[in-house]
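A short write-up of the structure that comes next.
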Amino acid sequence: MNLSLVSPALYPRPVWITYILPRFLELLPLEYWYMALRIVCQSSRFANIVNKHLPLRQKRVKRLRQPPWFSEQLLEAIKHRNKLLKKAKRTKTDEDWRLYKISRNTTYYKIRFSKANFFKAAINDNVNNPRIYWNHLNTLIKGNNVQQDIILEVESNELTSDPNKVAKAFNLAFVNIAQKYIDEGLQGTATPGLQKLRSFNRFLRLQKDAARVILNIKRPQDVPSSELFSKLKWMTINQRVDYFTSIMMYQIINKSSPNYLHNRFEYVKDKHQNNTRSAASGNLFIPKLSSKTGQRSFQYRGVTAWNGLSVGARDYSLEKFTKYVAGIVCN
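Next up, the structure:
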């Protein structure tokens with residue numbers, strides 16, 4: 073057995089040989105050039121005649137890979153539509169055109185229905201696979217991404233497409249929406265205040281009834297609800313709102329929240345240069361709101377809750393601050 077290594081055979085390759093052009097031209101007689109020119113002219117004339125009477129037929133070649141949503145039923149529908157179109161063009165009768173239009177519309181909706189079902193199933197099946205999920209989305213939105221200018225009406229009824237002004241308008245709208253959401257979700261006492269307040273009172277009564285059932289209090293009038301909550305270590309709904317208000321103000325002041333919330337609050341020392349106790353203690357400026365609705369907003373109640381805390385507690389860590397606030401609220 074021969075185990076010696078043998079280099080593989082190489083395929084032959086062309087080698088260009090240098091030649092001298094003047095000697096090559098001397099060896100060719102002049103009549104050869106006339107003959108070659110005559111052949112070229114005759115071949116071009118023959119090609120023109122063939123193209124005129126026997127033109128090349130341009131036929132569409134099928135794609136090697138059809139889209140994944142394409143099926144044999146769609147192919148048959150497209151063939152039937154094309155067949156009816158040729159017949160309608162040949163006969164030019166109203167009946168044939170009517171049949172073609174019916175087939176055309178049916179094929180169009182079949183294609184749309186097949187696409188919609190395929191991509192809907194593909195996206196729903198790959199929600200937990202971001203790579204495949206975004207690949208399907210890219211095929212849906214594929215195309216020429218033409219960047220269009222956004223024309224927006226900003227302050228003073230001005231129409232502008234300036235990106236900075238448009239971004240500022242959107243940020244201002246988002247801040248207002250976020251503030252409204254905080255007032256409604258966290259406080260629960262924004263406009264309309266009376267209806268929200270009644271809901272809070274009903275929830276408080278439900279808490280009291282649940283505490284009496286848990287502690288098996290048969291005569292509710294003998295034990296006040298404050299003692300029940302202290303035994304269960306519960307917070308009332310109003311205490312819980314005050315608790316979360318203080319926690320959120322701590323995060324806003326320490327810049328652990330978005331900037332649009334931090335920018336809505338100002339210190340007293342930044343409003344004036346007077347040497348007052350509120351400015352020296354680092355209190356926040358209380359907005360002047362005379363209506364009850366405004367005083368129920370987070371911007372007002374958050375400031376009053378923060379100013380009511382001790383100065384030393386404002387520098388606590390978040391874990392220590394939450395325990396401190398929970399003790400104050402429950403007591």
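Residues in the sequence shown are numbered from 73 upward in steps of one, following the numbering used here. Backbone N, C-alpha and C define an ideal beta-carbon position, used for all residues, glycine too.
Looking only at its own chain, which residues have a Cβ that is under 6 Å from the Cβ of residue i, when we skip the five neighbours before and after it?
i    : result
A385 : Y396
T263 : Model confidence at T263 stands at a pLDDT of 41, short of 50, so the residue's coordinates are unreliable; what they give is reported in the following sentence. Counting only Cβ-Cβ distances below 6 Å, and skipping sequence neighbours, we find T365.
W141 : S186, K187, F190
N201 : none
Q323 : S329
S297 : K280
Can you look up residue i in the DSSP assignment and give me helix, strand or coil?
i    : result
Y339 : strand
T232 : strand
N200 : coil
R117 : helix
R274 : helix
R284 : helix
K124 : helix
W141 : coil
I289 : coil
K461 : Because residue 461 is not part of the residues shown, which for the chain are 73 to 403, the question remains open.
P296 : coil
G399 : helix
Would you mind reading off the limits of the alpha helix (DSSP H) that contains residue i?
i    : result
T308 : First-last for T308: undefined, no H or E at that position.
I150 : 144-163
I183 : 166-197
N331 : 331-334
Looking at C-alpha atoms only, which residue of the options is the closest neighbour of residue i?
i    : options                : result
F185 : F393, Q145, S389, Y388 : Q145
A377 : S328, L356, Y388, A194 : L356
K341 : L333, H334, S353, P330 : S353
S389 : N326, D197, G374       : N326
F370 : A149, L333, A351       : L333
K182 : P359, R162, K155, E148 : E148
G380 : S350, K392, R368       : S350
Y180 : Y322, N198, N154       : N154
R373 : N310, T178, N331       : N310
D387 : I358, K360, M321, E299 : M321
K360 : E299, F337, N346       : F337
For residue i, I'd like the list of residues in its chain whose CB is within less than 8 Å of its CB, leaving aside the five on either flank, ordered along the chain.
i    : result
T405 : Outside the shown range of the chain (73 to 403) lies residue 405, about which nothing can therefore be said.
L276 : T308, I309, N310
Output needed for residue i: all residues of its chain with C-beta closer than 7 Å, excluding positions within five of it in sequence on either side, in chain order.
i    : result
Y315 : M307, V397, A398, V401
H152 : S175
T394 : I319
A160 : D168, W169, Y172
I432 : Residue 432 cannot be examined here, being either before or after the span of the chain that is shown, 73 to 403.
Any beta-carbon of chain B closer than 8 Å to the one on residue i?
i    : result
I324 : Of the protein chains in this structure there is only one, and it is not chain B.
- Item | Length at least 4, wholly inside the region 338-393: the alpha helix (DSSP H) runs in chain order | 340-343, 349-352, 364-367, 370-379
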